[in-house]
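Visitor:
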Amino acid sequence: MAPRKPKLQHLSRREGQIMDIVYRRGRVTVQEVLDDLPDPPSYSAVRALVRVLEDKGLLAHTQDGPRYVYEPTVTHARAAHSALAHLVKTFFRGSTTEAVASLLELEGDELSRDDLDALSEMIERARGGEG
Amino acid sequence: MTSWLGWLGMLQVVAAAVLGVAWITDRMIGARATAAQRRSMWALASLIVLSLPLARLAVPAPTPRVPLVIAWVGVGVWAAGASVLLLRWARGLASTRELIARATPIHSGPWHRSLSAANTPLAVTLAHAQGLPSPMLVGCLRPMILIPTELAHAPASERRAVLSHELAHLARADNLILQLAVLARAIYWVTPLAWWGLGRLTAEAENAADDAVLEAGVPPTSYAAQLVALARAQLDRAGRVGAGQLRGRVEAILDVDRRRGVLAGQRPRLAFAHLLGVAVLLASLTSACEARSDHRASSDAPLVRSR
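Those protein sequences? They're chains D and Z, same order as listed. In terms of UniProt numbering, the first sequence has 45 at position 45, counting the first letter as 1, and numbering is strictly consecutive. In terms of UniProt numbering, the second sequence has 295 at position 295, counting the first letter as 1, and numbering is strictly consecutive.
Rendered as structure tokens:
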């Protein structure tokens with residue numbers, strides 16, 4: 001079976017930050033990613049995200065003693081080209097819902113599960129007030 | 001070409017002034033007005049700026065003293081930006097047509113019964129669509145409410161909320177006005193207020209439609225929970241979800257002190273015609289005043305006697 005072509009465009013904000021660190025350093029360990037991430041999550045969360053990127057075919061690891069060292073599988077130039085292509089595609093794809101009266105527009109800054117949980121808590125508090 | 005640059009420049013300046021007045025008014029009226037009123041104000045501003053090019057055709061514009069190459073570059077940059085945005089708008093229309101073509105009309109079942117129960121005088125059809133993240137109103141001449149197939153078995157309370165929201169958009173001809181506002185932004189893309197104005201119009205149109213849902217008797221917490229559930233379903237399905245205006249809308253829906261009011265029912269085409277008529281009148285009046293003051297200025301200028 002032919003190897004899966006890495007998809008560079010469907011990265012979350014955090015995944016994008018990790019890939020930026022990998023491209024800047026060239027070769028990284030999970031700890032190095034954790035050290036460079038702004039407002040970092042836990043070590044295990046970063047390790048899970050790095051594994052997700054490896055599953056997506058964007059990173060490959062080699063063993064260096066007790067630790068894994070990760071390198072990008074796609075050149076930076078190709079990543080930049082793909083990001084630009086994705087930006088253009090998103091710009092025009094976003095036109096579908098821009099002038100349409102939706103019940104809920106789901107574009108823009110990403111919402112995390114925590115954000116949605118916070119909104120649900122706000123609703124529950126208001127529900128208590130409704131009595 | 002320099003005269004074109006001058007005309008285009010004045011058009012942008014006048015449009016910025018109109019949108020600036022709308023922005024100041026928006027800040028001043030704030031929470032004292034309802035979302036429906038703020039939405040109407042932004043809709044009127046959008047239609048006025050859209051009417052300006054025609055209204056200003058006869059108004060002489062100053063010819064800037066710039067090299068011809070600068071004039072070409074200026075007009076060229078504007079044309080490039082406007083073309084990209086117009087292309088995007090056209091792409092959006094094409095995508096919407098594709099959505100409508102692939103949708104399955106609803107002629108019976110729970111959604112059909114809910115639409116009948118809404119007892120609306122507005123001409124609208126219902127259809128199911130695959131892969132839609134949210135219900136939406138599409139089409140200007142033959143409006144259609146598209147329901148994601150995932151919501152095919154939504155309970156009655158949720159169906160009522162969705163239909164109240166989308167019918168409120170239809171009653172105000174939001175589907176048509178938003179298209180025209182996007183067109184206006186393509187013409188005036190150089191002006192940041194054109195982008196801001198479109199954002200405000202979109203946000204207030206949503207808030208006004210939310211007010212209509214609450215006026216229809218849907219409890220605020222149930223409605224807010226329904227919107228959050230939609231976002232959560234999109235996150236589960238697609239792995240990511242954009243915030244849109246979700247936070248602001250949930251806060252507004254739960255705000256018990258918020259002024260709400262639904263404009264009295266009016267046929268969408270009549271409501272739109274009213275707004276367009278006022279917009280064209282105001283655009284023409286401002287242009288006529290400007291042309292008249294230009295004429296007076298040139299009439300008052302002393303004649304230069306040749307010797």
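Cβ coordinates follow ideal geometry from the N, Cα and C atoms, glycine included.
Does the beta-carbon of Ile24 (chain Z) have 16 or more other beta-carbons within 10 angstroms, so that it is buried, or is it exposed?
Guide: Numbered from 1 along the second sequence, position 24 holds the residue referred to as residue 24 (chain Z). So Ile24 (chain Z) counts as exposed.
Visitor: What residues of chain Z sit near Met19 (chain D), judged by a beta carbon separation below 8 Å?
Guide: Taking the first sequence and counting its residues from 1, the one referred to as residue 19 (chain D) is at position 19. Near Met19 (chain D) there are no residues of chain Z at all, since even the closest Cβ is about 16 Å away, more than 8 Å.
Visitor: Tell me Glu71 (chain D)'s beta-bridge partners as DSSP assigns them.
Guide: Indexing the first sequence from 1 puts residue 71 (chain D) at position 71. Answer by DSSP bridge pairing, in chain order: D:Ala60.
Visitor: Quick check on Val100 (chain D) - is its C-beta less than 8 Å from some C-beta in chain Z?
Guide: Start at 1 with the first residue of the first sequence, and residue 100 (chain D) comes out as number 100. Yes, because at least one Cβ of chain Z sits closer than 8 Å to the Cβ of Val100 (chain D).
Visitor: Any beta carbon of chain D sitting closer than 8 Å to that of Ser306 (chain Z)?
Guide: Taking the second sequence and counting its residues from 1, the one referred to as residue 306 (chain Z) is at position 306. Reliability of the predicted coordinates at Ser306 (chain Z) is poor, the pLDDT of 43 falling under 50, and the value obtained from them is presented with this limitation in mind. With 8 Å as the cut-off, Ser306 (chain Z) does not count as an interface residue toward chain D.
Visitor: Shorter than 8 Å from the beta carbon of Leu53 (chain D) to some beta carbon of chain Z?
Guide: For this step, residue 53 (chain D) is matched to residue 53 along the first sequence. Closer than 8 Å: no.
Visitor: Assuming Thr2 (chain Z) and Pro64 (chain Z) make a contact with CB atoms under 8 Å, what is their CB distance in whole Å?
Guide: Reading the second sequence from its first residue, position 2 is the one you call residue 2 (chain Z). Reading the second sequence from its first residue, position 64 is the one you call residue 64 (chain Z). Yes, Thr2 (chain Z) and Pro64 (chain Z) are in contact; Cβ-Cβ is about 6 Å, under 8 Å.
Visitor: Who are the Cβ neighbours of Thr191 (chain Z) in its own chain at under 8 Å, not counting the five residues just before and after it?
Guide: Numbered from 1 along the second sequence, position 191 holds the residue referred to as residue 191 (chain Z). If we look at Thr191 (chain Z) and ignore the five residues flanking it on each side, its Cβ neighbours are Gln12, Ala15, Ala16 and Leu19.
Visitor: Using three-state DSSP, classify Ile147 (chain Z) as helix, strand or coil.
Guide: The count along the second sequence starts at 1 and reaches residue 147 (chain Z) at position 147. Ile147 (chain Z): strand per DSSP, three-state reduction.
Visitor: In three-state terms, what does DSSP make of Pro192 (chain Z)?
Guide: As a first step, residue 192 (chain Z) is located in the second sequence; it is residue number 192 there, counting from the start. If DSSP states are grouped into helix, strand and coil, Pro192 (chain Z) belongs with the helices.
Visitor: Would you give the residue range spanned by the beta strand (DSSP E) that Ala127 (chain Z) belongs to?
Guide: For the purposes of this step, residue 127 (chain Z) is identified with residue 127 of the second sequence, where counting begins at 1. Thr125 to Ala129 is the extent of the beta strand (DSSP E) around Ala127 (chain Z).
Visitor: Report the residue from Z:His153, Z:Asn119, Z:Pro155 and Z:His112 whose alpha carbon sits nearest the alpha carbon of residue 308 (chain Z).
Guide: With chain Z running from 1 to 307 in the structure shown, residue 308 (chain Z) is simply not present.
Visitor: Judging by CA-CA distance, which residue of Z:Ala118, Z:Leu85, Z:Gly244 and Z:Ser51 is the nearest neighbour of His165 (chain Z)?
Guide: In the second sequence, the residue the question calls residue 165 (chain Z) occupies position 165. Closest by alpha carbon: Z:Ala118.
Visitor: For Gly197 (chain Z), does the three-state DSSP call read helix, strand or coil?
Guide: Counted from its first residue, the second sequence places residue 197 (chain Z) at position 197. Three-state result, Gly197 (chain Z): helix.
Visitor: Cα separation between Glu124 (chain D) and Gly131 (chain Z)?
Guide: For the purposes of this step, residue 124 (chain D) is taken as the residue at position 124 of the first sequence. For the purposes of this step, residue 131 (chain Z) is taken as the residue at position 131 of the second sequence. Roughly 30 Å separates the two Cα atoms.
Visitor: Could you name the residues of the same chain whose beta carbon sits closer than 6 Å to that of Gly9 (chain Z), not counting the 5 residues immediately before and after it, in chain order?
Guide: Taking the second sequence and counting its residues from 1, one reaches residue 9 (chain Z) at position 9. Closer than 6 Å at Cβ, skipping near neighbours: no residue.
Visitor: Expressed to the nearest angstrom, what Euclidean distance is found between the alpha-carbon atoms of Pro60 (chain Z) and Ala71 (chain Z)?
Guide: As a working mapping, residue 60 (chain Z) is identified with position 60 in the second sequence. As a working mapping, residue 71 (chain Z) is identified with position 71 in the second sequence. Looking at the two C-alpha atoms, the distance is approximately 17 Å.
Visitor: Go through its chain and collect everything with a Cβ distance to Trp189 (chain Z)'s Cβ below 7 Å, but skip five positions before and after it.
Guide: Here residue 189 (chain Z) refers to the residue found at position 189 of the second sequence. For Trp189 (chain Z), where only same-chain residues beyond five positions count, the Cβ hits under 7 Å are Gly81, Ala82 and Leu85.
Visitor: In the DSSP assignment, find the unbroken beta strand (DSSP E) run with Leu137 (chain Z) in it and report its ends.
Guide: For the purposes of this step, residue 137 (chain Z) is taken as residue 137 along the second sequence, with counting starting at 1. Note, Leu137 (chain Z): beta strand (DSSP E), Met136 to Val138.
Visitor: State the Cα-Cα distance for the pair Ala229 (chain Z) and Leu276 (chain Z), rounded to the nearest angstrom.
Guide: Residue numbering aside, residue 229 (chain Z) sits at position 229 when the second sequence is read from its first letter. Residue numbering aside, residue 276 (chain Z) sits at position 276 when the second sequence is read from its first letter. Answer to the nearest angstrom: the Cα atoms are 37 Å apart.
Visitor: Buried or exposed for Leu11 (chain D), please, with buried defined as at least 16 other CB atoms from any protein chain shown within 10 angstroms of its CB.
Guide: Within the first sequence, numbered from 1, the residue matching residue 11 (chain D) stands at position 11. Under this definition Leu11 (chain D) is a buried residue.
Visitor: According to DSSP, is Pro121 (chain Z) part of a helix, a strand, or is it coil?
Guide: As a working mapping, residue 121 (chain Z) is identified with position 121 in the second sequence. Correct three-state label for Pro121 (chain Z): coil.
Visitor: CA-CA distance, Val69 (chain D) and Tyr23 (chain D)?
Guide: To locate residue 69 (chain D), count along the first sequence from 1; it is residue 69. To locate residue 23 (chain D), count along the first sequence from 1; it is residue 23. Looking at the two C-alpha atoms, the distance is approximately 13 Å.
Visitor: Which bits of chain Z does Glu71 (chain D) rub up against, with CB to CB less than 7 Å?
Guide: Numbered from its first residue, the first sequence carries residue 71 (chain D) at position 71. Per Cβ cutoff of 7 Å: no residues; Glu71 (chain D) is ~25 Å from chain Z at best.
Visitor: At least one CB of chain D closer than 8 Å to the CB of Ala82 (chain Z): is that the case?
Guide: The count along the second sequence starts at 1 and reaches residue 82 (chain Z) at position 82. No, its Cβ sits nowhere closer than 8 Å to a Cβ of chain D.
Visitor: I want to verify the contact list: residues of chain Z whose CB lies under 8 Å from the CB of Ala126 (chain D), in sequence order.
Guide: Position 126 of the first sequence holds residue 126 (chain D). What Ala126 (chain D) touches in chain Z: Pro220, Thr221, Ala224 and Leu254.
Visitor: Measure the beta-carbon distance from Ser114 (chain Z) to Arg160 (chain Z) and round it to whole angstroms, keeping in mind my assumption that it falls under 8 Å.
Guide: Here residue 114 (chain Z) refers to the residue found at position 114 when the second sequence is read from its first residue. Here residue 160 (chain Z) refers to the residue found at position 160 when the second sequence is read from its first residue. Confirmed, about 6 Å.
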